[in-house]
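Trainee: Next up is a structure, given as structure tokens.
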Amino acid sequence: MMPKTRIKKKTMDRRSAQTEGTEYRGKQAKTGNSFGFRFDRALFKSHPEFNGEVRASVIAPGRMLVSAETTASGHHSDDVVVAAFLAFLAKEMQREPNAITPLEQALTDRIGELVEDVSVSPDEDLGDEALL
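Using the working numbering, read the sequence shown as starting at 2 and increasing by one per residue.
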């Protein structure tokens, strides 16, 4: 028998409380000849997008990103970490639009000066050491 699910919610508006700040607990379970993760049904009631196919990516030791495989989106991102960050960024921008400020012209001018004589090629191989 699985222990009761503990749900933590941060203080926020009702709309974002369904997607952010909620923690669902689970544990490993044997399924036939394989292993899987078993979560309380509250996760699947709150987030029906996880009722179908999912994909898991280990992004750090002890950290895994689980993504729902949806056909409605129309596009697929190869980099799930970047996609997750961009989704987070979009939510934050919607949650607090007044925190978005334009770059100051002096800063953009300075950036332009710093890269003025730098030549780039989108096809250049940056090697395995390149950071994104």
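Note that beta-carbon positions come from the ideal geometry of N, C-alpha and C, so glycine has one too.
1) If F45 and F51 are in contact, beta carbons under 8 Å, what's the gap, nearest whole angstrom?
2) Kindly provide the ranges of any beta strand (DSSP E) runs that are 3 or more residues long and lie completely inside the stretch 62-132, ordered along the chain.
3) In three-state DSSP terms, what is R39?
4) Using C-beta distances below 8 Å, list every residue in its chain close to L104, excluding the 5 sequence neighbours before and after it, in chain order.
5) Tell me which same chain residues have a C-beta within less than 7 Å of the C-beta of V59, skipping the five on either side of it?
6) Look at the Cβ atom of A164, then the Cβ atom of G53, and state whether they are nearer than 8 Å.
7) Between which residues of its own chain and F40 is the CB-CB distance below 7 Å, once the five residues before and five after are set aside?
Mentor: Reading off the structure:
1) The residue given as residue 45 occupies position 44 in the sequence shown. The residue given as residue 51 occupies position 50 in the sequence shown. Right, their Cβ atoms sit about 6 Å apart.
2) Within the stretch 62-132, the complete beta strand (DSSP E) runs of at least 3 residues are 64-69.
3) The residue labelled residue 39 in the question sits at position 38 within the sequence shown. When DSSP states are grouped into helix, strand and coil, R39 belongs to the strand group.
4) Counted from its first residue, the sequence shown places residue 104 at position 103. Closer than 8 Å at Cβ, skipping near neighbours: no residue.
5) The residue you call residue 59 lines up with position 58 of the sequence shown. Excluding residues within five positions, the ones whose Cβ falls inside 7 Å are M65.
6) Residue coverage of the chain in this structure runs from 2 to 133, which leaves residue 164 outside it and unanswerable.
7) Looking up residue 40 in the sequence shown gives position 39. Answer for F40: Y25 and G27, listed in chain order.
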